[in-house]
Amino acid sequence: MRAETPSEVLFDFLKCDLQINNREAARILVSDKPLGAKPAPRFRIAEKTFLSRRVVHVVPGTDKIDPEMFADFSQSVQNLAAAAKIGSGSSPAAANARQQVITTRALERMATSLEHWGLDGSILRNIFDRIAVMPGLKQSDRRLLELLALTVCGCLADPNAAASEVKDFAITQLAQTFGTLETAEVVQAQGTNRKVNEPPAKLGLLRLSKDGSALPPIYPLSLDPEGTVLGSFAHDQNAITNVGPDVSRRHLRVAYSNGTWLASGLHSTNGTVLVTRNGTTTVIEKPRSLRTADDKDSQIPIHDGDLLKLGSSTEFLVLKISSNVRALA
Numbered sequence: 067m068r069a070e071t072p073s074e075v076l077f078d079f080l081k082c083d084l085q086i087n088n089r090e091a092a093r094i095l096v097s098d099k100p101l102g103a104k105p106a107p108r109f110r111i112a113e114k115t116f117l118s119r120r121v122v123h124v125v126p127g128t129d130k131i132d133p134e135m136f137a138d139f140s141q142s143v144q145n146l147a148a149a150a151k152i153g154s155g156s157s158p159a160a161a162n163a164r165q166q167v168i169t170t171r172a173l174e175r176m177a178t179s180l181e182h183w184g185l186d187g188s189i190l191r192n193i194f195d196r197i198a199v200m201p202g203l204k205q206s207d208r209r210l211l212e213l214l215a216l217t218v219c220g221c222l223a224d225p226n227a228a229a230s231e232v233k234d235f236a237i238t239q240l241a242q243t244f245g246t247l248e249t250a251e252v253v254q255a256q257g258t259n260r261k262v263n264e265p266p267a268k269l270g271l272l273r274l275s276k277d278g279s280a281l282p283p284i285y286p287l288s289l290d291p292e293g294t295v296l297g298s299f300a301h302d303q304n305a306i307t308n309v310g311p312d313v314s315r316r317h318l319r320v321a322y323s324n325g326t327w328l329a330s331g332l333h334s335t336n337g338t339v340l341v342t343r344n345g346t347t348t349v350i351e352k353p354r355s356l357r358t359a360d361d362k363d364s365q366i367p368i369h370d371g372d373l374l375k376l377g378s379s380t381e382f383l384v385l386k387i388s389s390n391v392r393a394l395a
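Residue numbers for the sequence shown, in the working numbering: 67 to 395.
Listed below in structure tokens is the structure:
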């Protein structure tokens with residue numbers, strides 16, 4: 067039995083948790099505009115085969131997913147929210163709490179489904195993290211943005227498209243930014259004179275929790291010329307997106323050059339600090355609030371046993387790994 071697809075996760079969530087049946091959900095989500103010479107897809111949702119194969123049970127990588135088949139998500143998600151039947155008769159606070167619980171559950175199902183089909187579930191998790199810390203939002207608006215992210219992922223099987231839709235909606239409909247929030251905690255560090263005298267080694271990154279425990283897996287660093295980009299919504303070929311909410315979209319690059327692994331900032335909001343295995347600290351990139359026009363972009367060597375601290379939320383331990391481990395594709 068195959069794993070559930072993103073579209074199946076979405077429509078099951080809408081049907082079981084929001085009490086919107088498949089046909090009604092499709093009527094809201096599918097476009098009423100003709101596709102070239104073909105009739106508008108909304109007029110075909112009464113066809114069981116069309117509804118099943120093209121809308122509800124779409125298999126990423128096998129079935130063609132046409133973004134033009136769907137209506138404007140910024141409008142359709144509001145129609146979904148209006149049609150949802152959650153906690154009717156209960157207080158707004160109770161209804162919001164229930165919706166938060168079921169939406170969080172749907173997040174994990176959707177992220178797991180994306181990952182099974184070779185897509186990046188971490189980006190969806192990062193969207194939810196970013197929504198959670200956006201200042202000045204009503205709880206109902208947070209739930210709406212979360213529903214938008216789930217809806218786009220389910221319809222298009224594309225977490226990057228979900229990030230773009232949520233960003234646009236936050237700006238145009240809620241007068242909010244969707245940028246990285248500056249953290250209050252700023253790590254100060256001094257330069258290091260550590261010499262690069264170790265032989266070249268293949269390295270990987272292991273994320274650590276706040277208490278220092280490991281959060282597998284280990285992410286091999288790419289030997290490709292463009293290296294590996296770390297960021298909340300990075301979609302580079304070798305990106306690592308398993309990061310905290312104060313990490314920028316494209317925060318840090320690590321690349322191999324002339325026998326040395328080098329880390330460089332990508333103009334992030336909250337900066338990056340390197341802590342070597344002997345405790346010496348080096349600022350790879352200052353937080354934006356502390357940068358001046360005189361600050362130069364720098365490339366800092368990293369080694370086995372070092373610690374990369376991105377903002378105040380995310381730490382990666384640098385590890386030497388087997389030479390036969392393939393870089394992330």
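Ideal placement from N, C-alpha and C gives every residue a C-beta, glycine not left out.
| Item | Value |
| --- | --- |
| Pairwise C-alpha distance: K386 and Q365 | 20 Å |
| Reduced DSSP category for E74 - H, G, I as helix; E, B as strand; rest coil | helix |
| At least 3 beta-carbon pairs within less than 8 Å: the segment 337 to 346 vs the segment 367 to 376 | yes |
| Nearest-angstrom beta carbon gap, S288 and S298 [assumed within contact, 8 Å] | That pair is no contact at about 19 Å. |
| Those residues which DSSP pairs with K375 across a bridge | V339 and E381 |
| Cβ-based neighbour list, P367, same chain, cut-off 7 Å, excluding 5 preceding and 5 following | V262, T326, W327 and L328 |
| Residues near A177 in its chain [Cβ-Cβ closer than 7 Å; skip 5 each side] | G187, L190 and R191 |
| Enclosing beta strand (DSSP E) for P367 [first to last residue] | I366 to I368 |
| Delimiting residues of the beta strand (DSSP E) encompassing E351 | T347 to E351 |
| Residue from K99, Q303, N324 and A160 whose Cα sits closest to the Cα of A267 | N324 |
| Residues bridged to S323 [DSSP beta-bridge criterion] | T326 |
| Residues sharing a beta bridge with G331, DSSP | L318 |
| Where the beta strand (DSSP E) through R357 begins and ends | Looking at the DSSP string, R357 is not in any beta strand (DSSP E), and its letter there is neither H nor E. |
| Extent of the continuous alpha helix (DSSP H) run through G270 | No alpha helix (DSSP H) holds G270; the beta strand (DSSP E) holding it covers L269 to L274. |
| Residues sharing a beta bridge with L296, DSSP | I306 and L318 |
| Buried or exposed by the 16-neighbour rule on C-beta atoms within 10 Å, applied to N87 | exposed |
| Spatial distance of L281 from E70 (CA atoms) | 25 Å |
| Expected contact under 8 Å - CB spacing of S425 and R319 to nearest Å | For the chain, the structure presents residues 67 to 395; residue 425 sits outside this window and is missing. |
| Where T380 falls, given that 16 or more other Cβ within 10 Å makes a residue buried | buried |
| Option in E292, L240, R171 and A321 with minimal Cα separation from Q144 | L240 |
| Where I152 sits in the DSSP three-state scheme | coil |
| Through-space distance from P291 to R175, alpha-carbon basis | 35 Å |
| Reduced DSSP category for K104 - H, G, I as helix; E, B as strand; rest coil | strand |
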